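Participant: Everything in the sequence shown is counted per this note's numbering, starting at 1 for the first residue and increasing by one.
Dumping the structure here so I can ask a few things about it.
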Amino acid sequence: MTTRHNHRQRKKLHIGEYKELGFTVEIQFVEGLSDAAQDAFLDAFVGQVIEVRKLMYGGSFSYGFVCRDTRADASEEDRTAVREWLAQRSEVQSASVSELVDAWR
Numbered sequence: 001m002t003t004r005h006n007h008r009q010r011k012k013l014h015i016g017e018y019k020e021l022g023f024t025v026e027i028q029f030v031e032g033l034s035d036a037a038q039d040a041f042l043d044a045f046v047g048q049v050i051e052v053r054k055l056m057y058g059g060s061f062s063y064g065f066v067c068r069d070t071r072a073d074a075s076e077e078d079r080t081a082v083r084e085w086l087a088q089r090s091e092v093q094s095a096s097v098s099e100l101v102d103a104w105r
């Protein structure tokens with residue numbers, strides 16, 4: 001059964017024009033990475049990629065979700081920038097970035 005929602009309901013449910021897209025990031029680090037190196041990596045990740053592109057990262061050190069810090073969609077360019085930045089890091093053994101998905105589902 002198809003339900004029709006009014007403007008207020010679509011906004012509250014984050015559907016239609018209020019849907020927001022983001023992507024997951026999964027990182028496997030090289031063995032033996034020190035706590036100081038992990039902290040430096042995380043600071044660089046947030047400072048050089050996430051904040052610069054006006055994104056948010058939530059989750060754990062090795063698995064998280066990335067979306068816009070405003071009511072907007074993360075883009076393919078954002079996904080590419082995160083994936084390429086992770087690929088260049090010596091601390092990262094492997095990393096995967098998912099397709100864009102609904103951040104509220």
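We treat Cβ as the ideally placed atom computed from N, Cα and C, and that holds for glycine.
In this text, all values refer to a predicted model and were calculated from it rather than measured experimentally.
So A149 is in the alpha helix (DSSP H); what residue range does that whole segment cover?
Facilitator: A question about residue 149 goes unanswered here, because the residues of the chain that appear run from 1 up to 105.
Participant: Using alpha carbons as the reference points, say which of S75, Y57, S94, V49 lies closest to F109.
Facilitator: Residue 109 is absent from the structure shown; the chain starts at 1 and stops at 105.
Participant: Can you list, in chain order, the residues of its chain with a C-beta nearer than 7 Å to that of A74? Leave out the 5 residues immediately preceding and following it.
Facilitator: Residue numbering aside, residue 74 sits at position 74 when the sequence shown is read from its first letter. Same-chain partners within the cutoff: L21, G22, F23, L55, V66, C67, R68, L100.
Participant: Would you list the one or two residues that DSSP bridges to G58?
Facilitator: The residue labelled residue 58 in the question sits at position 58 within the sequence shown. DSSP lists F65 as the beta-bridge partner residues of G58.
Participant: Is D78 buried or exposed, if buried means 16 or more other CB atoms sit within 10 Å of its CB?
Facilitator: Against the sequence shown, residue 78 aligns to sequence position 78. Of the residues assessed, D78 falls on the buried side of the cut-off, its CB having 16 or more other CB atoms within 10 angstroms.
Participant: Can you list, in chain order, the residues of its chain with a C-beta nearer than 7 Å to that of V82? Leave out the 5 residues immediately preceding and following it.
Facilitator: Here residue 82 is taken as the residue at index 82 of the sequence shown, counted from 1. Same-chain partners within the cutoff: V25, V49, V66, V97.
Participant: In three-state terms, what does DSSP make of L21?
Facilitator: As a position in the sequence shown, residue 21 is number 21, starting the count at 1. Here L21 sits in strand by DSSP.
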